[in-house]
Structure formats: C-alpha cells, structure tokens
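Trainee: Here the protein sequences line up with chains A and B, keeping their order.
Take the first sequence: its position 92, counted from the start at 1, is 92 in the working numbering, and no numbers get skipped.
Take the second sequence: its position 132, counted from the start at 1, is 132 in the working numbering, and no numbers get skipped.
Positions of the beta carbon are idealized from the N, C-alpha and C atoms, including for glycine.
Structure provided below as structure tokens; questions to follow.
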Amino acid sequence: MTTKILIAGFGGQGVLFAGKQIAKMGMDAGMKVSWLPSYGPEMRGGTANCSVIVSDEEIGSPIVNTPDILFSFNIQSFDKFEKSIKAGGILFADSSLISKKSTRADIKCVYVPATELASENELTGGANVIMLGKFIKETGLFAKDEFIEHMVSSIPSNKAKLIENNKKAFSIGYNYEEN
Amino acid sequence: MAKVLMKGNEAIAEAAIRSGCRHYFGYPITPQTEIAEYMAKRMPKIGGLCLQAESEIAAINMVLGASSAGVRVMTSSSSPGISLKSEGISYMVGSDLPCLILNVQRGGPGLGGIQPAQSDYYQATKANGHGDLHLIVLAPNSIQEAADCTSLAFDLGDKYRVPVMILADGALGQMMEPVEFSGNEKTELPEKPWATTGTGMKRKKNIINSLYMQPDELESSINERFKRYDVIEKNEVRYESYLAEDADIILVCYGITSRICKTAVGMARKEGIKAGIIRPITLWPYPKEALAKAAETASEFLVVELNKGQMTSDVKLAIECSRPVSFYGRTGGVMPTPEEILEQIRMIGGRIK
C-alpha cells in the first residue's frame, strides 16, 4: 500500500517538521519513504508544503500531485489543494484559520481548530503536532505510542519542557472530537 | 549502520567525508547550501577544512590547489555558480587533477530560478570549460544512489586523474530518503606519486601545469588524456534498465525525472502498453551500446528531461537514428506529472500499434 500525503501551510507553522515525523516513523517501521519540501522564499514566511510518501513498494515519483491525505494549515493551501485530494482521501484542515468547508462528498473531512487549541493550552506553534495526533487517530497508519516516542526521540533530553509540550499537543489532537 | 533519513545534500556531504574527503571549498547558492552547512559543522571535528571562498571562481581554484597537493577535495554549487567555475574546471582537466564537483541544478539561463532543472546537461556532458575535454558525469536518482555515486566519484577521479561531476537537481538535493553509508567507508586512499607534496630531496620536482607553448607537446598531452577517456568509455559506463527487455517504447531519462517516468511506466504497463526505461547513471561516458541494443527490439524512444530536449541528440546518435526519438520535458523549475508522461506514452503507443 502507498499513502501519499501533502502537508501545506505558512512557513513557520511546522509543516516540514510534521512531514518529517511521518517519514521518519515510516522508515523505522521498515517502509519505503520520501520527503520532498518546497524550498526557497517559502522558508521565510510564504506558503510552504511538503510531499511525504510512505509505501511498502519502491517509490517512483516523490512528488505528491494527488494526495490521499492533505493537511491544510491556511486558506491558500485549502484553495489550491483541496480539489486535488484523491476520491476516498482525507482532508485535515485547521478550522481556526480556514473558515471554509469542503463541498466534496467523495472525501472525508476532518476539521480541527488546531491553532486555537494550541494557544488555549499555551502550546503556541504546536498546531502541527495537534494535527498529527488527530491524523494518527483517524488513519491508524502508525501506533500512537510508537509515533509519540519517535517524535520526541529527536529532541535533546535536556529540553524536557519541549518533549512534554509535544506529547501534550499530540494527545490534545488525538482526543479532539468535533461537535 | 542503520538507515538514516537525510536530505540529498547532506547525504552527499556525509558520503564525501566517509570517502576520505577532508577539504571542501564552496560559495553559497540555493538549492545546495546545506552541503556547506554540513561541511562547516563536520570538517573541523575530523581535522578537515571547510572554507567559504569569496566567490565560486576562488573556490574552484582552491580545489585546484588542494588537488595538486594530492588530497581528496570537492566543491559544490548550482547552475549559475557552475558556469563561474568552468574556467577552473578546464584548468583542472588540463592539469590532470581529480576532484568532485557537484551541480545541484536549478533553472536557467542567467540567474533563472531556484527550482529543480536539468538544463545543464549540455554544459556538463559537452563543454564544462574550454578545450578538448570530458568530465565523468554521474546522475543519481535517489538519495542512496547519490551517496554511492559520491564515493564512486572520488575513486574514479583518482583512478583516471580527471574531475568528476555529480549532476543532481534541486529536488534530489532537498528531498529526504533513507540512506545507508556502510559501503562508503574509505580508510586507505590511493597513492598519488604525481602530487606536489615536497620532494624530500629524494625525487625530481612534480609540476602541475596546463600550459604548453609547443603545439606538439600540447597535442601529445591531449592524446594521452584521450587514451584514458577511451578506457573510461570502455569500462565505466553505468546505466539501469527497467522493464526494457520486452518494451516497445523505451523512455530515456536520468536523475529525478527517471523517478517520475518509473511511475508513468507502471501506469502504462497496467494499460497493456509495453513501456520500459533505460536510465543512464553515467551521462559521460554515455550508455550507447545499451541504447543501440534496445533499438534492435523497441519501436520508439521517448526522452524525458527537465529541459528542452538536450539529451535527445545523444540518444539519436547512440541508435544511429534507427528509430524515431521524441521528447517530452518541462523546464524553468516545473516538474512533469506521471500523467503528463503517460499521455506521451499513450500517443506513441497509439501510432505503433
């Protein structure tokens, strides 16, 4: 099985980081993975995105044009990529920043006010990890505990607060239920 | 060693260090600056040198100096910066000096853009500087192959005393894939009796030079070098053949484009169209024989590149125009989708039925 994921938002929202966590987890789970970022002016605050592919087969093109899963963290990326999601795919949208709703009936839409949840819980900048939590809950692509362990393993152990915050953000997303 | 997730740029830098490269000279340019960043972090810790030169021209001349002293040395840049290095590269060829030059291509001409391109194919394979010259040119298509080609590049350079270029692109430089370095460790490097390491009063002076005032002396130095080129063309051709044996349509592509073609070929096969790929890993020496052999059974060739068709002429020459050769490409930093390439395969499939 091949899962193609596109993660898009503004530079600084951690979209590249979120993609890297999925790719790293996939690699350690013995799967083939690729991670391809947009680069250049995006890094300085424009729109940024990354293509992540997790597969049990050799990966051909690393570019995701028609994602199975789209993470959208701003209205620009929603407008640009929502229509490209494969039928049967899933949209994860940060509803704090995107007031629109998808009109597509052939995809599953998951709206999480990730940015608001982050600031309510003093986790500024944690919207990406909140969304990762919801993503793992909805897709079951990887086991929850294993994913968390992998994510925090790259954080130096002297930054205990950062590890704690990431774990907290993940579980807020994982446990979030839409009304 | 376990697999690690790395950017192409970082993996090449790490592979260079593991291949015994302890000298890096460069000047920043997107999309390859991670190389210098990586080297700046690692080199001081292992007794190596990473130096940001005042320009690309200075950097390549520092490479020339270091190579003259017999050490493994590399530089890296992206398209506009490689043009600046051309003079130094030609001098290195004329002086029979090995080195690794990495071109993480971006769109041109001029400053062009910063997104991936393959529009330096002619430059890399035909004229990376003035004079009668060739570089060995390697074109990896994955992060693992980029690391392996780095190690190979140093070995080939030392063996034949020629500069070796890795022709990558912005996507390969920036993307991350798992990579393993176990095959790249070098502990013993080849002897370089020609290097200017000091005579120790025991031997005659070694002179590194590319100037010959006597035409016959220059001619014989070039002829001697071309004899080495003949050996390289005979022994160092590398390519990958993918579903090419029974293919009616052969796609010829390299680097990141070959990955997109692989996806397109898979889609075509599902539709019953017999497509396959011959992917040159060495762009010079070029896999002429593999293409000529494929032309015996295939009906048509399709070249796919991120440029306006620069490799098409090499394919036509290799198969002596015995089959139609068409081209599809995007340029300026735009990448084709597998569907666009599939459409081309379908068109050819329709007319050869």
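(1) Looking at chain B, is there any beta carbon in it that lies within less than 8 Å of the beta carbon of M151 (chain A)?
(2) With DSSP as the reference, label T115 (chain A) as helix, strand or coil.
(3) From Y39 (chain A) to K353 (chain B), what distance separates their C-alpha atoms?
(4) From the DSSP secondary-structure annotation, give me the bridge partner or partners of Q174 (chain B).
(5) So what does DSSP say about G329 (chain B), is it helix, strand or coil?
(6) Got a sec, what are the start and stop residues for the beta strand (DSSP E) A275 (chain B) sits in?
(7) Taking the beta strand (DSSP E) that T75 (chain B) belongs to, which residues open and close that run?
(8) Return the residue from the list B:M43, B:Y122, B:Q144, B:I17 that minimises the CA-CA distance to L189 (chain B).
(9) Taking all protein chains shown into account, do 16 or more other C-beta atoms lie within 10 angstroms of the C-beta of G200 (chain B), making it buried, or fewer, making it exposed?
(10) How would you call T282 (chain B), buried or exposed, if buried means at least 16 neighbouring beta carbons within 10 angstroms?
(11) Output, in sequence order along the chain, the residues in the segment 48 to 79 of chain A whose CB is closer than 7 Å to any CB in chain B.
(12) In chain B, which residues lie with their C-beta within 9 Å of the C-beta of Y174 (chain A)?
(13) What do you reckon, are the CB atoms on F71 (chain A) and I7 (chain A) nearer than 8 Å?
(14) Assign G46 (chain A) to one of two classes, buried (16 or more other C-beta atoms within 10 Å of its C-beta) or exposed (fewer than that).
(15) Compare the C-beta of P37 (chain A) against all C-beta atoms of chain E and say whether one is closer than 8 Å.
(16) What residue from B:T33, B:I12, B:Q174, B:E219 has the CA that sits closest to S51 (chain A)'s CA?
(17) If we ignore side chains and look at the alpha-carbon of each, how far apart do A268 (chain B) and D158 (chain B) end up?
(18) Give the residues from the segment 28 to 41 of chain B that approach chain A closer than 7 Å (Cβ to any Cβ), ordered along the chain.
(19) Using the beta-carbon count (16 or more within 10 Å), is A105 (chain A) buried or exposed?
(20) Mapping the DSSP letters down to three states, classify F73 (chain A) as helix, strand or coil.
(21) Using DSSP bridges, identify the partner residues of D169 (chain B).
(22) Output yes if chain A places a C-beta closer than 8 Å to the C-beta of E305 (chain B); else output no.
(23) Per DSSP, I53 (chain A) forms a beta bridge with which residues?
(24) Closer than 8 Å, Cβ to Cβ, to anything on chain B: give me those residues from the segment 18 to 30 of chain A, in chain order.
(25) Give the residues of chain A in contact with I249 (chain B), contact being defined as C-beta atoms less than 9 Å apart.
(26) With 7 Å as the limit, tell me which residues of the segment 258 to 274 of chain B have their beta carbon closer than that to any beta carbon of chain A; keep them in chain order.
(27) Looking at the unbroken alpha helix (DSSP H) that takes in A58 (chain B), where does it start and where does it end?
(28) Suppose you measure from the CA of Q105 (chain B) to the CA of K204 (chain B); what does that come to, to the nearest Å?
(29) Pairing CB atoms from the segment 307 to 319 of chain B with CB atoms from the segment 229 to 243 of chain B, are three or more of them under 8 Å?
(30) For S34 (chain A), decide whether its Cβ has a neighbour in chain B, counting only Cβ atoms nearer than 8 Å.
(31) Residues of chain A with a CB under 7 Å from the CB of T337 (chain B): which are they?
(32) Per DSSP, what kind of secondary structure is A93 (chain A) in: helix, strand or coil?
(33) Any beta-carbon of chain A closer than 8 Å to the one on Q214 (chain B)?
(34) So which residues of chain A does A117 (chain B) contact, with C-beta pairs closer than 7 Å?
(35) Looking only at C-alpha atoms, which of A:G60, A:A87, A:L97, A:G89 sits nearest to F78 (chain A)?
(36) For P178 (chain B), return the contacting residues in chain A, with the cut-off set at a CB-CB distance below 7 Å.
Mentor: Put simply:
(1) What you label residue 151 (chain A) is simply residue 151 of the first sequence in a count that begins at 1. Not closer than 8 Å to any Cβ of chain B, the Cβ of M151 (chain A) fails to qualify, so no.
(2) Within the first sequence, residue 115 (chain A) is the residue found at index 115, counting from 1. If DSSP states are grouped into helix, strand and coil, T115 (chain A) belongs with the helices.
(3) As a first step, residue 39 (chain A) is located in the first sequence; it is residue number 39 there, counting from the start. As a first step, residue 353 (chain B) is located in the second sequence; it is residue number 353 there, counting from the start. Roughly 43 Å between the two C-alpha positions.
(4) Indexing the second sequence from 1 puts residue 174 (chain B) at position 174. Per DSSP, none; premise fails for Q174 (chain B).
(5) Residue mapping note: residue 329 (chain B) aligns to position 329 of the second sequence, counting from 1. Here G329 (chain B) sits in strand by DSSP.
(6) The sequence position of residue 275 (chain B) within the second sequence is 275, counting from 1. Residues 275 to 280.
(7) Position 75 of the second sequence, counted from the first residue, corresponds to residue 75 (chain B). Run containing T75 (chain B): 73 to 77, per the beta strand (DSSP E) assignment.
(8) The count along the second sequence starts at 1 and reaches residue 189 (chain B) at position 189. Answer by Cα proximity: B:I17.
(9) The sequence position of residue 200 (chain B) within the second sequence is 200, counting from 1. Exposed, since its Cβ has fewer than 16 Cβ neighbours within 10 Å.
(10) As a first step, residue 282 (chain B) must be located in the second sequence, where it is residue number 282. Buried.
(11) G60, S61, P62, I63, N65
(12) Translated into positions along the first sequence, residue 174 (chain A) becomes position 174. Neighbours of Y174 (chain A) on chain B: none; closest Cβ ~24 Å, over 9 Å.
(13) Here the question's residue 71 (chain A) lines up with position 71 in the first sequence. Here the question's residue 7 (chain A) lines up with position 7 in the first sequence. Cβ distance < 8 Å, so F71 (chain A) and I7 (chain A) count as in contact.
(14) Numbered from 1 along the first sequence, position 46 holds the residue referred to as residue 46 (chain A). Answer is exposed; the Cβ neighbour count stays below 16.
(15) Going by chain labels, chain E is absent from the structure shown, which instead holds the protein chains A and B.
(16) The residue given as residue 51 (chain A) occupies position 51 in the first sequence. The candidate whose alpha carbon is nearest that of S51 (chain A) is B:Q174.
(17) To locate residue 268 (chain B), count along the second sequence from 1; it is residue 268. To locate residue 158 (chain B), count along the second sequence from 1; it is residue 158. Cα-Cα distance, rounded: 42 Å.
(18) T30, P31
(19) One-based indexing of the first sequence puts residue 105 (chain A) at position 105. It counts as exposed.
(20) On the first sequence, residue 73 (chain A) is found 73 positions in, with the first residue counted as 1. In this structure, F73 (chain A) counts as coil in the three-state DSSP scheme.
(21) Numbered from its first residue, the second sequence carries residue 169 (chain B) at position 169. BP columns for D169 (chain B) point to B:Q105.
(22) Counting from 1 along the second sequence, the entry for residue 305 (chain B) is found at position 305. No - not a single Cβ of chain A is within 8 Å of the one on E305 (chain B).
(23) Mapped onto the first sequence, residue 53 (chain A) falls at position 53. DSSP output for I53 (chain A) lists A:K4, A:S34 as bridge partner(s).
(24) K20, A23, K24, M27
(25) On the second sequence, position 249 is the one that residue 249 (chain B) refers to. Neighbours of I249 (chain B) on chain A: none; closest Cβ ~17 Å, over 9 Å.
(26) R259, I260, K262, T263, G266
(27) The residue you call residue 58 (chain B) lines up with position 58 of the second sequence. Per DSSP, A58 (chain B) belongs to the alpha helix (DSSP H) from 56 to 68.
(28) Here residue 105 (chain B) refers to the residue found at position 105 of the second sequence. Here residue 204 (chain B) refers to the residue found at position 204 of the second sequence. Roughly 42 Å between the two C-alpha positions.
(29) no
(30) Taking the first sequence and counting its residues from 1, one reaches residue 34 (chain A) at position 34. Closer than 8 Å to some Cβ of chain B, the Cβ of S34 (chain A) qualifies, so yes.
(31) Position 337 of the second sequence, counted from the first residue, corresponds to residue 337 (chain B). The answer, in chain order, is N65.
(32) Within the first sequence, numbered from 1, the residue matching residue 93 (chain A) stands at position 93. Strand at A93 (chain A).
(33) Against the second sequence, residue 214 (chain B) aligns to sequence position 214. It does not; no Cβ of chain A falls within 8 Å.
(34) Here residue 117 (chain B) refers to the residue found at position 117 when the second sequence is read from its first residue. By Cβ distance, chain A contributes nothing, its closest Cβ being about 13 Å from A117 (chain B), past 7 Å.
(35) Along the first sequence, one-based indexing puts residue 78 (chain A) at 78. Nearest option by C-alpha distance: A:L97.
(36) Position 178 of the second sequence, counted from the first residue, corresponds to residue 178 (chain B). The answer, in chain order, is M27, V33.
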